[in-house]
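Q: Residue numbers (the numbering used here), protein chains in the order written: chain E, 163 to 233; chain A, 215 to 620.
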């Protein structure tokens, strides 16, 4: 099996409207501020084993606010 | 159709949905999905001369484009009605446009975060069980009248710090404003007036006796200049919380139980695999989205190739968008473990429903507690399911029988 790439996530604050789907699907990767808007935890690096959750969060954001990049 | 207004002479039965749609037609109320499919196949945005001129986008793309476009589309009117009075009772931030919208909304966001909802959850669970206690021994109930209707009013009353027993009053006002008010201005105005007087009394009381509830939170809020909000602003936001937070979630809970009553396979699967509850709730929100919003066209524009002219309203149908097969695979099927679900049940863009986390929590808790206490149930063939008329859709009569069929 080939080595899977490291993922990095970022929530675009111009687009996020606080639907909080990402936080519900991947609480290890996203946190909410006092207004309920989402931010990636830390620098957005996705720990090994949580890649599927990153993609799932991205696929469920109604505002297309989550960017997932492969490093 | 005991809970809806009969079609007045100026609302003749629709014979041409593409050019003359009417969201108060009894066929729309009963089953709008095939109508939306027909319209979507014809054109992404259709128009009717009814309601003084109104557009209806039925594709996800067109709905999204309008929701994001605050330059051509204003939120100052959010209900499509037979009349369009110059003065309307504002309810910030839902009736606000930029730049006033953001500060008004930010005041309301902190009390409605998922963490804040976790604190409210035990009370909602208790409310659900208190309600079930009242009818479970009967072996049947009208779940809309006895259960789904009461959960959101009591929850929001709890948050606002007003007596939960006043919920009956709220239910009356909401029916008068959102359903009867489409065609009956006097009833709407009276209900708005009564509601405003009610909250004005609670505001006055808190000026002398401050509390820790949401009404006091709003009264203590400061605008960007450090000034307290006017009583008018506070009253408008309180009207919004009540109007927006009650029959919407009542409808969402009701549609979920309606689906589970007639789909034993989904019910059994949810009981066996409770970890599916979040995706099931999202799917109920998609497939049976209760809320259609509205916009007023301010400037001429083009949406999905269709010319849009000022002077018209727009029925912003998030429910139709959520049934668009171009956006959702098997859009007409309820798939409780759907993996990708960018549904727009709570809107898109800056007007995302401020109570979405509350609604999700109430729908989840109400469904969980019902399934725990009443795992077997079905629609009562002796009764009739009826749906609300207008822009919030949900079951208003939901007769259920408990237990396995004998």
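Glycine residues also receive a C-beta, built at the ideal position from the N, C-alpha and C atoms.
1) Using beta-carbon positions only, say whether residue 206 of chain A and residue 608 of chain A come within less than 8 angstroms of one another.
2) Near residue 222 of chain E, which residues of its chain fall below 8 angstroms by C-beta distance, leaving aside the five closest residues on each side in sequence?
3) Please report the distance separating the alpha-carbon of residue 345 of chain A from that of residue 213 of chain E.
4) Around the Cβ of residue 299 of chain A, are there at least 16 other Cβ atoms within 10 angstroms (buried) or fewer (exposed)?
5) Grab me the residues of residue 383 of chain A's own chain with a C-beta within less than 6 angstroms of its C-beta, minus the 5 sequence neighbours each way, in chain order.
6) Checking the sheet assignment: what are the DSSP bridge partners for residue 172 of chain E?
7) Would you identify the three-state DSSP class for residue 228 of chain A, choosing helix, strand or coil?
8) Looking at chain E, is there any beta carbon in it that lies within less than 8 angstroms of the beta carbon of residue 557 of chain A?
9) Taking DSSP's pairing of strands, which residues face residue 502 of chain A in a bridge?
10) Thinking residue 219 of chain E and residue 197 of chain E are a contact (beta carbons under 8 angstroms), I'd like their distance in whole angstroms, please.
11) From this set, A/278, A/550, A/235, A/293, which residue's C-alpha is nearest residue 510 of chain A's C-alpha?
12) Would DSSP call residue 416 of chain A helix, strand or coil?
13) Please tell me whether residue 311 of chain A and residue 284 of chain A are closer than 8 angstroms, where the distance is taken between their beta carbons.
14) Tell me whether the beta-carbon of residue 594 of chain A lies closer than 8 angstroms to the beta-carbon of residue 618 of chain A.
15) Quick one: Cα of residue 612 of chain A to Cα of residue 492 of chain A, how far?
16) If we require 3 or more residues per run, which beta strand (DSSP E) segments fall completely within the stretch 380 to 407 of chain A?
17) Can you tell me whether residue 522 of chain A is helix, strand or coil according to DSSP?
18) Counting only beta-carbon atoms, is residue 308 of chain A nearer than 8 angstroms to chain E?
19) Restricting to Cα atoms, I'd like to know which of E/181, E/217, E/230, E/232 is closest to residue 200 of chain E.
20) Is residue 244 of chain A near the ligand MG, in the sense that its beta carbon is under 7 angstroms from a heavy atom of that ligand?
21) Identify the contact partners of residue 328 of chain A in chain E, using a Cβ-Cβ distance below 8 angstroms as the criterion.
22) Could you give the distance in angstroms between the alpha-carbon of residue 304 of chain A and the alpha-carbon of residue 416 of chain A?
23) Buried or exposed: where does residue 424 of chain A fall if 16 or more other Cβ atoms within 10 Å of its Cβ makes it buried?
24) Which residues in chain A have a C-beta closer than 9 angstroms to the C-beta of residue 175 of chain E? List them in chain order.
25) If I'm right that residue 339 of chain A touches residue 309 of chain A with Cβ under 8 angstroms, what's the distance once you round it to whole angstroms?
26) Does DSSP classify residue 309 of chain A as helix, strand or coil?
A: Quick answer:
1) Not covered by the structure: residue 206 of chain A. The range shown for chain A is 215 to 620.
2) 183, 184, 187
3) 42 angstroms
4) exposed
5) none
6) E/229
7) coil
8) yes
9) DSSP lists no partner for residue 502 of chain A.
10) Wrong, their Cβ atoms sit about 19 angstroms apart, outside the cutoff.
11) A/293
12) helix
13) yes
14) no
15) 23 angstroms
16) none
17) strand
18) no
19) E/181
20) Questions concerning the ligand MG fall outside what the structure shown contains, since it holds no ligand whatsoever.
21) 182, 185, 186, 194, 198
22) 19 angstroms
23) exposed
24) Within 9 angstroms Cβ-Cβ: nothing; residue 175 of chain E doesn't reach chain A, min ~13 angstroms.
25) Their Cβ separation, rounded to whole angstroms, is 33 angstroms, which puts residue 339 of chain A and residue 309 of chain A out of contact at 8 angstroms.
26) coil
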